[in-house]
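Protein chains in written order, with numbering that gives the first Met the number 0: chain P, 0 to 188; chain B, 0 to 188.
Positions of the beta carbon are idealized from the N, C-alpha and C atoms, including for glycine.
Computed from a predicted structure; not experimentally measured.
There are 2 protein chains.
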Amino acid sequence: MKVSYAPNLYVALIHYPVINKNGETIASAVTNLDLHDIARLARTYGVPNFYVVTPLVDQKRLVEKVVSHWTTGYGATYNPARKKALELILVKKSLGEVKAHILEKTGRETRVVATSARSKPKNIDFGAFRKLLRSGKPYLLLLGTAWGLSDEVIAAADYTLEPVCGGTEYNHLSVRSAAAIILDRILTL
Amino acid sequence: MKVSYAPNLYVALIHYPVINKNGETIASAVTNLDLHDIARLARTYGVPNFYVVTPLVDQKRLVEKVVSHWTTGYGATYNPARKKALELILVKKSLGEVKAHILEKTGRETRVVATSARSKPKNIDFGAFRKLLRSGKPYLLLLGTAWGLSDEVIAAADYTLEPVCGGTEYNHLSVRSAAAIILDRILTL
């Protein structure tokens with residue numbers, strides 16, 4: 000299985016606005032393993048950048064500290080493979096900042112594809128997303144932490160990707176697992 | 000995408016014998032998120048049990064404590080979806096104990112499929128593994144922690160599954176990501 004093109008697909012892990020167990024909008028805390036797992040995944044599938052989105056100053060500093068340890072600190076020498084993954088991470092305050100960065104980098108507006116564990120009105124399936132990517136235009140995949148992306152983020156996205164289904168009724172994957180399955184489904188032949 | 004059969008596939012996360020960065024055989028420590036992520040994944044894909052293998056008494060107790068919190072303790076009420084996932088976990092001291100449990104449960108010897116980030120002599124590809132599973136016979140997928148399964152485990156397995164490739168040279172996925180991609184590739188239509 001090989002990727003037939005260098006994907007123009009960016010990934011953003013959203014910590015605000017997301018919802019909690021009760022459906023309220025919150026800013027979630029950053030989970031260290033999310034950074035490592037999704038950065039390694041992005042590197043494996045040739046994703047050019049992995050954005051970590053949080054408006055909280057202390058959380059932004061925390062992510063920068065982790066990234067710095069593995070890219071320029073002791074971690075870079077201890078585990079060069081990890082350096083190659085974590086150097087894809089960019090911390091941004093908002094989705095708007097992410098979109099501005101992609102525009103600056105590629106010269107093109109990015110289309111935004113939200114994800115959810117439930118079907119949404121603007122759903123596209125994995126096959127349709129693969130076709131969209133073939134155009135070479137930039138796409139940004141949004142992953143939600145906590146209980147998922149807030150309704151306003153999903154409503155503002157150009158598309159929502161169909162939920163990952165494993166053939167059972169159970170739809171409670173971790174964001175790390177969902178990210179792995181989604182990238183594999185859309186980026187391998 | 001739907002699973003066309005109830006898979007007779009079991010998953011075991013091995014903490015001994017695995018190798019460290021220097022290729023030495025070690026017993027690794029259990030990572031809490033491995034338990035949650037892989038249990039949720041197993042539940043999503045209809046895997047009947049998820050074995051956590053460690054010979055260390057304190058680690059075994061730790062896993063049992065985590066599982067008990069989410070299946071019969073406060074966590075079971077707080078998050079019933081998590082209960083449904085973690086109740087698939089069984090802690091075993093060795094691979095031998097896992098095989099004995101599957102024999103007792105199904106009345107049949109299980110075939111063992113090891114995983115590795117590198118190609119191995121007895122490699123089968125994802126398509127071949129899917130076909131083997133269609134027979135309905137029990138199969139056990141081994142996942143390694145730390146720097147991967149020891150050579151003796153791989154040599155003793157019936158097969159080794161081809162490595163997950165994302166179209167780049169980079170082959171350093173977390174065991175959580177690899178598990179997600181592998182189950183999705185072999186269990187969805």
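Strand pairing of residue i, partner residues [DSSP]
i, result
"P/Arg110", "P/Tyr138"
"B/Leu131", "The partner list for B/Leu131 (beta bridge, DSSP) is empty, contrary to what the question assumes."
"B/Gly143", "B/Ile13"
"B/Tyr50", "B/Ala11, B/Leu89"
"B/Ile18", "B/Thr24"
"B/Thr159", "B/Ala113, B/Asn122"
"P/Leu148", "P/Val17"
Where residue i sits in the DSSP three-state scheme
i, result
"P/Lys1", "Low confidence applies to P/Lys1: its pLDDT is 46, below 50, so where it sits in the model is not reliable, and the reading given next is rough at best. Looking at P/Lys1 - three-state DSSP - the assignment turns out to be coil, as it is neither helix nor strand."
"P/Val97", "helix"
"B/Thr167", "coil"
"B/Ile181", "helix"
"P/Asn31", "helix"
"P/Val10", "strand"
"B/Tyr44", "coil"
"B/Lys91", "strand"
"B/Leu172", "coil"
"P/Leu61", "helix"
"P/Leu102", "helix"
"P/Thr70", "helix"
"B/Thr187", "coil"
For residue j and residue i, believed in contact at Cβ under 8 Å, the rounded distance
i, j, result
"B/Thr70", "B/Leu85", "5 Å"
"B/Leu87", "B/Asn48", "6 Å"
"P/Ser9", "P/Tyr50", "The residue asked about is misnamed: residue 9 of chain P is Tyr in this sequence, not Ser. Going by Cβ atoms, the distance from P/Tyr9 to P/Tyr50 rounds to 7 Å, so yes, they are a contact pair."
"P/Lys59", "P/Val90", "5 Å"
"B/Leu12", "B/Thr144", "6 Å"
"B/Val196", "B/Val29", "Any answer about residue 196 of chain B is impossible in this case: the structure gives chain B only from 0 up to 188."
"B/Tyr138", "B/Arg110", "5 Å"
"B/Leu141", "B/Ala156", "7 Å"
"P/Ser176", "B/Ala179", "4 Å"
"P/Val199", "P/Pro6", "An answer regarding residue 199 of chain P cannot be provided, because it is not within the stretch 0 to 188 covered by chain P."
Under 8 Å by beta carbon: chain B residues contacting residue i
i, result
"P/Tyr180", "Per the sequence presented here, residue 180 of chain P reads as Ile, with Tyr not at that position. Within chain B, the residues near P/Ile180 are Ala179, Ile180, Asp183."
"P/Tyr44", "Gly165, Gly166, Thr167"
Residue i: contacting residues in chain P (beta-carbon distance under 7 Å)
i, result
"B/Arg117", "Within chain P, no residue comes near B/Arg117; the closest Cβ sits about 13 Å away, beyond 7 Å."
"B/Leu40", "Leu172, Ser176"
Chain B residues whose Cβ lies nearer than 9 Å to that of residue i
i, result
"P/Arg175", "Leu32, Asp36, Ser173, Arg175, Ser176, Ala179"
Contact list for residue i against chain P, beta-carbon separation under 9 Å
i, result
"B/Ala80", "Tyr169, Asn170, His171"
Listed by chain order, chain P residues near residue i by CB distance under 8 Å
i, result
"B/Ala84", "Tyr169, His171"
Closer than 7 Å at the beta carbon, the chain B residues around residue i
i, result
"P/Thr144", "Result: empty, since nearest Cβ-Cβ is about 13 Å, beyond 7 Å."
"P/Leu186", "Gly165, Gly166"
Beta carbon proximity, residue i to chain C, threshold 8 Å
i, result
"B/Ile123", "Reference to chain C is not applicable here, since the protein chains of this structure are P and B."
Inter-stretch contact (C-beta, 8 Å, three-pair minimum) for the segment 164-171 of chain B and the segment 125-140 of chain B
no
Okay, do the segment 72-84 of chain B and the segment 109-120 of chain B touch, 3+ Cβ pairs below 8 Å being the bar?
no
Specify whether the segment 42-58 of chain P and the segment 158-167 of chain B touch according to this definition: at least 3 beta carbon pairs, one from each stretch, less than 8 Å apart.
yes
Quick test of the definition: if touching needs 3 or more C-beta pairs under 8 Å, does the segment 150-165 of chain B touch the segment 26-34 of chain B?
Counting Cβ pairs under 8 Å, fewer than three are found: no touch.
The segment 11-22 of chain B contacting the segment 177-184 of chain P, beta-carbon criterion three pairs below 8 Å:
no
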